[in-house]
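In the working numbering, the protein residues as written are 392 to 640.
Have a look at the structure below, then the notes.
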(Lines of atoms letter the chains of each structure in order from A and count residues from 1; the text may use other names and numbers.)
(Lines give C-alpha, C1' and ligand atoms only; values in the text may rest on other atoms or scores of the structure.)
Protein backbone atom coordinates (compact mmCIF):
# COMPACT_ATOMS: atom_id res chain seq x y z
CA UNK A 1 0.00 0.00 0.00
CA UNK A 2 1.43 3.34 -1.04
CA UNK A 3 0.72 6.46 0.97
CA UNK A 4 0.61 9.94 -0.46
CA UNK A 5 1.69 13.02 1.44
CA UNK A 6 -0.79 15.85 1.47
CA UNK A 7 0.68 18.98 -0.07
CA UNK A 8 0.28 21.99 2.15
CA UNK A 9 0.61 25.24 0.18
CA UNK A 10 3.33 27.50 1.62
CA UNK A 11 0.91 30.37 2.06
CA UNK A 12 -2.76 31.33 1.91
CA UNK A 13 -4.00 34.71 0.85
CA UNK A 14 -6.56 36.04 3.29
CA UNK A 15 -6.94 39.29 1.40
CA UNK A 16 -5.40 39.44 -2.07
CA UNK A 17 -6.43 43.02 -2.70
CA UNK A 18 -3.72 43.55 -5.32
CA UNK A 19 -5.56 41.32 -7.81
CA UNK A 20 -9.11 41.49 -6.45
CA UNK A 21 -12.11 42.44 -8.54
CA UNK A 22 -14.13 45.32 -7.18
CA UNK A 23 -17.81 44.93 -6.33
CA UNK A 24 -20.26 47.67 -7.43
CA UNK A 25 -19.67 49.47 -4.11
CA UNK A 26 -15.90 49.37 -4.58
CA UNK A 27 -15.11 46.61 -2.08
CA UNK A 28 -12.79 43.71 -2.92
CA UNK A 29 -14.86 40.73 -3.99
CA UNK A 30 -15.63 38.36 -1.10
CA UNK A 31 -15.38 41.03 1.60
CA UNK A 32 -18.46 42.45 3.33
CA UNK A 33 -19.17 45.47 5.49
CA UNK A 34 -19.23 44.71 9.23
CA UNK A 35 -21.75 47.11 10.75
CA UNK A 36 -22.37 48.18 14.33
CA UNK A 37 -26.01 48.72 15.18
CA UNK A 38 -25.65 51.91 17.19
CA UNK A 39 -23.23 53.67 14.80
CA UNK A 40 -24.92 55.84 12.18
CA UNK A 41 -21.87 56.97 10.18
CA UNK A 42 -19.94 54.15 8.53
CA UNK A 43 -16.31 53.97 7.50
CA UNK A 44 -16.00 53.90 3.70
CA UNK A 45 -13.85 51.24 2.03
CA UNK A 46 -12.79 51.16 -1.62
CA UNK A 47 -10.18 49.49 -3.81
CA UNK A 48 -7.77 52.11 -5.19
CA UNK A 49 -4.44 52.12 -7.02
CA UNK A 50 -1.51 53.35 -4.95
CA UNK A 51 2.30 53.14 -5.18
CA UNK A 52 3.61 50.37 -2.91
CA UNK A 53 7.29 49.49 -2.86
CA UNK A 54 7.92 51.33 -6.13
CA UNK A 55 5.04 49.70 -8.02
CA UNK A 56 1.43 50.75 -8.45
CA UNK A 57 -0.94 48.18 -7.00
CA UNK A 58 -4.50 47.86 -5.77
CA UNK A 59 -5.03 48.36 -2.04
CA UNK A 60 -8.04 49.08 0.16
CA UNK A 61 -8.53 52.69 1.23
CA UNK A 62 -10.50 53.30 4.42
CA UNK A 63 -11.91 56.72 5.30
CA UNK A 64 -13.59 57.35 8.64
CA UNK A 65 -15.06 60.64 9.86
CA UNK A 66 -16.58 60.19 13.29
CA UNK A 67 -17.88 56.76 12.36
CA UNK A 68 -17.11 53.06 12.30
CA UNK A 69 -17.56 49.92 10.23
CA UNK A 70 -15.29 47.04 9.37
CA UNK A 71 -14.62 45.15 6.17
CA UNK A 72 -14.37 41.42 6.75
CA UNK A 73 -14.63 37.92 5.44
CA UNK A 74 -15.40 34.54 6.94
CA UNK A 75 -12.88 31.74 6.46
CA UNK A 76 -11.50 28.62 8.09
CA UNK A 77 -7.77 28.66 8.74
CA UNK A 78 -5.63 26.39 10.92
CA UNK A 79 -3.16 28.60 12.83
CA UNK A 80 -1.00 25.55 13.54
CA UNK A 81 -0.34 25.12 9.82
CA UNK A 82 -0.30 28.82 8.99
CA UNK A 83 0.89 30.64 12.12
CA UNK A 84 2.60 33.60 10.45
CA UNK A 85 0.34 36.51 9.55
CA UNK A 86 1.83 39.27 7.39
CA UNK A 87 0.41 42.41 5.83
CA UNK A 88 1.19 46.00 4.85
CA UNK A 89 -0.65 49.11 5.87
CA UNK A 90 -0.29 52.87 5.90
CA UNK A 91 -2.03 55.59 7.90
CA UNK A 92 -2.17 59.31 7.19
CA UNK A 93 -2.60 60.29 10.83
CA UNK A 94 -3.03 58.98 14.35
CA UNK A 95 -5.88 60.02 16.61
CA UNK A 96 -5.23 62.76 19.16
CA UNK A 97 -7.72 61.31 21.64
CA UNK A 98 -7.09 57.65 20.85
CA UNK A 99 -6.39 55.55 23.94
CA UNK A 100 -6.67 51.76 23.93
CA UNK A 101 -7.25 51.76 27.69
CA UNK A 102 -10.53 53.70 27.65
CA UNK A 103 -13.92 53.34 25.96
CA UNK A 104 -13.88 56.96 24.81
CA UNK A 105 -10.48 56.39 23.20
CA UNK A 106 -11.16 52.98 21.65
CA UNK A 107 -10.53 54.15 18.06
CA UNK A 108 -7.68 53.38 15.67
CA UNK A 109 -6.62 54.63 12.25
CA UNK A 110 -5.95 51.00 11.32
CA UNK A 111 -6.62 47.61 12.80
CA UNK A 112 -6.60 43.98 11.73
CA UNK A 113 -9.16 41.86 13.54
CA UNK A 114 -8.71 38.06 13.80
CA UNK A 115 -11.53 35.98 15.29
CA UNK A 116 -11.31 32.39 16.50
CA UNK A 117 -13.84 29.56 16.62
CA UNK A 118 -13.79 29.29 20.41
CA UNK A 119 -16.33 26.93 21.99
CA UNK A 120 -18.53 28.93 24.44
CA UNK A 121 -19.08 25.77 26.48
CA UNK A 122 -15.54 26.33 27.79
CA UNK A 123 -16.60 29.57 29.45
CA UNK A 124 -16.68 29.92 33.20
CA UNK A 125 -19.89 30.83 35.01
CA UNK A 126 -19.62 34.61 34.57
CA UNK A 127 -18.63 34.53 30.90
CA UNK A 128 -21.30 31.94 30.12
CA UNK A 129 -23.96 34.17 31.66
CA UNK A 130 -22.68 37.15 29.65
CA UNK A 131 -22.71 35.11 26.45
CA UNK A 132 -26.26 33.89 27.02
CA UNK A 133 -27.39 37.44 27.80
CA UNK A 134 -25.96 38.68 24.49
CA UNK A 135 -27.73 35.88 22.65
CA UNK A 136 -31.00 36.83 24.34
CA UNK A 137 -30.51 40.41 23.13
CA UNK A 138 -30.35 39.17 19.55
CA UNK A 139 -26.60 39.18 18.92
CA UNK A 140 -25.89 36.25 16.61
CA UNK A 141 -22.21 36.90 15.80
CA UNK A 142 -20.41 37.22 19.10
CA UNK A 143 -16.58 37.22 19.03
CA UNK A 144 -15.78 34.91 21.92
CA UNK A 145 -12.04 35.08 21.23
CA UNK A 146 -10.34 37.68 19.03
CA UNK A 147 -6.98 39.35 18.56
CA UNK A 148 -6.95 42.96 17.42
CA UNK A 149 -3.70 44.17 15.84
CA UNK A 150 -3.88 47.96 15.99
CA UNK A 151 -2.03 51.15 15.15
CA UNK A 152 -2.35 52.90 18.49
CA UNK A 153 -1.84 56.51 19.49
CA UNK A 154 0.05 56.25 22.76
CA UNK A 155 0.20 52.67 24.10
CA UNK A 156 3.56 50.88 24.00
CA UNK A 157 4.10 48.58 21.03
CA UNK A 158 3.71 44.83 21.48
CA UNK A 159 1.89 45.07 24.79
CA UNK A 160 -1.30 43.07 25.21
CA UNK A 161 -4.28 44.63 26.91
CA UNK A 162 -8.00 43.82 27.01
CA UNK A 163 -10.36 45.75 24.80
CA UNK A 164 -12.04 48.56 26.72
CA UNK A 165 -15.45 46.95 26.16
CA UNK A 166 -14.72 43.21 26.53
CA UNK A 167 -11.79 41.04 27.54
CA UNK A 168 -12.88 38.46 24.96
CA UNK A 169 -11.02 40.74 22.55
CA UNK A 170 -7.35 41.40 23.27
CA UNK A 171 -5.55 44.38 21.76
CA UNK A 172 -1.98 44.24 20.45
CA UNK A 173 -0.49 47.57 19.35
CA UNK A 174 1.93 46.61 16.57
CA UNK A 175 2.50 50.31 15.81
CA UNK A 176 2.06 53.31 18.06
CA UNK A 177 2.40 57.02 17.54
CA UNK A 178 3.10 59.13 14.48
CA UNK A 179 6.71 58.20 13.65
CA UNK A 180 5.74 56.04 10.65
CA UNK A 181 2.70 58.02 9.51
CA UNK A 182 2.59 58.36 5.72
CA UNK A 183 4.79 55.33 4.99
CA UNK A 184 3.94 51.74 4.15
CA UNK A 185 4.76 49.48 7.08
CA UNK A 186 5.06 45.71 6.84
CA UNK A 187 3.89 43.68 9.82
CA UNK A 188 4.53 40.06 10.71
CA UNK A 189 2.97 38.27 13.68
CA UNK A 190 3.08 34.75 15.10
CA UNK A 191 -0.61 34.06 15.74
CA UNK A 192 0.11 31.10 18.00
CA UNK A 193 2.44 33.09 20.25
CA UNK A 194 0.12 36.09 20.38
CA UNK A 195 -2.91 33.96 21.25
CA UNK A 196 -0.95 32.15 23.96
CA UNK A 197 0.10 35.47 25.51
CA UNK A 198 -3.42 36.87 25.31
CA UNK A 199 -5.58 33.91 26.34
CA UNK A 200 -3.31 31.00 27.27
CA UNK A 201 -3.18 27.69 25.43
CA UNK A 202 -3.20 26.94 21.72
CA UNK A 203 -5.48 28.91 19.39
CA UNK A 204 -8.59 27.28 17.94
CA UNK A 205 -9.23 27.61 14.19
CA UNK A 206 -9.51 31.11 12.78
CA UNK A 207 -13.03 31.78 11.50
CA UNK A 208 -12.85 35.40 10.37
CA UNK A 209 -10.62 38.34 9.53
CA UNK A 210 -11.55 42.01 9.22
CA UNK A 211 -9.83 45.33 8.65
CA UNK A 212 -11.20 48.41 10.34
CA UNK A 213 -10.56 52.14 10.59
CA UNK A 214 -12.85 53.67 13.21
CA UNK A 215 -13.30 57.08 14.82
CA UNK A 216 -16.79 56.90 16.36
CA UNK A 217 -15.68 57.20 19.99
CA UNK A 218 -13.23 60.08 19.55
CA UNK A 219 -15.23 61.89 16.85
CA UNK A 220 -12.04 62.43 14.84
CA UNK A 221 -11.16 61.50 11.24
CA UNK A 222 -8.67 59.02 9.81
CA UNK A 223 -7.60 57.55 6.48
CA UNK A 224 -5.70 54.28 6.10
CA UNK A 225 -4.59 51.95 3.32
CA UNK A 226 -4.41 48.15 3.56
CA UNK A 227 -2.31 45.90 1.35
CA UNK A 228 -2.45 42.14 0.87
CA UNK A 229 -2.95 39.97 3.96
CA UNK A 230 -1.20 36.59 3.88
CA UNK A 231 -1.03 33.59 6.23
CA UNK A 232 2.16 31.59 5.91
CA UNK A 233 3.78 28.45 7.14
CA UNK A 234 6.64 28.92 9.60
CA UNK A 235 9.93 30.11 8.06
CA UNK A 236 11.55 26.90 9.33
CA UNK A 237 9.45 24.98 6.80
CA UNK A 238 11.54 25.10 3.64
CA UNK A 239 9.79 25.51 0.31
CA UNK A 240 11.59 26.40 -2.90
CA UNK A 241 8.49 28.10 -4.28
CA UNK A 242 8.28 30.69 -1.52
CA UNK A 243 10.38 33.83 -1.27
CA UNK A 244 10.79 34.67 2.42
CA UNK A 245 12.77 37.85 1.80
CA UNK A 246 9.66 40.02 2.07
CA UNK A 247 9.31 39.04 5.71
CA UNK A 248 12.59 40.74 6.51
CA UNK A 249 11.85 44.19 5.06
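Beta carbons are placed, not taken as given, at the ideal position from N, Cα and C, and that holds for glycine.
Boundaries of the alpha helix (DSSP H) harbouring residue 586: 582–590, taken from the DSSP string. Contact check for residue 619 and residue 404: beta-carbon distance about 7 Å, within the 8 Å limit, so the pair qualifies. If you draw a straight line from the Cα of residue 557 to the Cα of residue 543, it comes to about 18 Å.
Taking C-beta atoms under 8 Å as the contact rule, residue 608 and residue 481 fail to qualify, at a distance of about 22 Å.
DSSP lists no beta-bridge partner residue for residue 445. Contiguous beta strand (DSSP E) elements confined to the region 402–434 occur at 402–406 and 423–425, taking only those with 3 or more residues.
In the DSSP assignment, residue 540 falls within the beta strand (DSSP E) that extends over 537–543. About 7 Å separates the beta carbon of residue 452 from that of residue 614, a gap short enough to meet the 8 Å contact definition.
Rounded to the nearest whole angstrom, the CA to CA distance from residue 424 to residue 448 is 22 Å. In this structure, the beta-carbon distance from residue 476 to residue 582 falls below 8 Å.
DSSP places residue 602 in the strand class (E or B) of the three-state scheme.
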